[in-house]
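Novice: In short: position in the sequence shown from 1, add 5, done, that's the numbering used here.
After the structure tokens below, expect a handful of questions from me.
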Amino acid sequence: MTQAELFDAIAAETELSKADVKRVFDAYKDLGYKHFKKNKLESDFVLPGFGKFKVSERAARTGINPQTGDKVKIPKRKVPVFRAGTELKTHIQPKKKK
């Protein structure tokens, strides 16, 4: 689903204008950026009922340049990670009844 399709679907479901939906998404995204900046990337940013974003650190490693075959040092870095919440997992894979 593209961003435009998502905004169209939400606008139809909520009777908000597409512009209002875009403003809400932009505000939520900005809150996430501010949250990570304020907390120095140490705290999770939660989407209630859906999941959470957190920052994980990847260790330094040695890679290989596929064109030349040379070994390259890849430095450690921080990357965003999304972890699905229980509600989302249940929608994807319903629990089996015993």
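Yeah, the Cβ is synthetic: ideal placement off N, Cα and C, and Gly gets one too.
Residue range of the alpha helix (DSSP H) that A9 falls in?
Specialist: Indexing the sequence shown from 1 puts residue 9 at position 4. Looking at the DSSP string, the run of the alpha helix (DSSP H) that includes A9 is 8-19.
Novice: Since V84 and R63 are thought to touch, with beta carbons under 8 Å apart, how far apart are those beta carbons, to the nearest angstrom?
Specialist: Position 79 of the sequence shown, counted from the first residue, corresponds to residue 84. Position 58 of the sequence shown, counted from the first residue, corresponds to residue 63. With a Cβ gap of about 6 Å, V84 and R63 count as contacting.
Novice: By a C-beta neighbour count over all protein chains shown, 10 Å radius and 16 as the cutoff for buried, is F50 buried or exposed?
Specialist: Locating residue 50 in the sequence shown gives position 45, where the first residue counts as 1. The residue is buried, with at least 16 neighbouring Cβ atoms inside 10 Å.
Novice: Take the Cβ of V26 as the centre, count every other Cβ of all protein chains shown within 10 Å, and call the residue buried at 16 or more, exposed below.
Specialist: The sequence position of residue 26 within the sequence shown is 21, counting from 1. It counts as buried.
Novice: Is the number of C-beta pairs between the region 35-47 and the region 11-22 that are closer than 8 Å three or more?
Specialist: no
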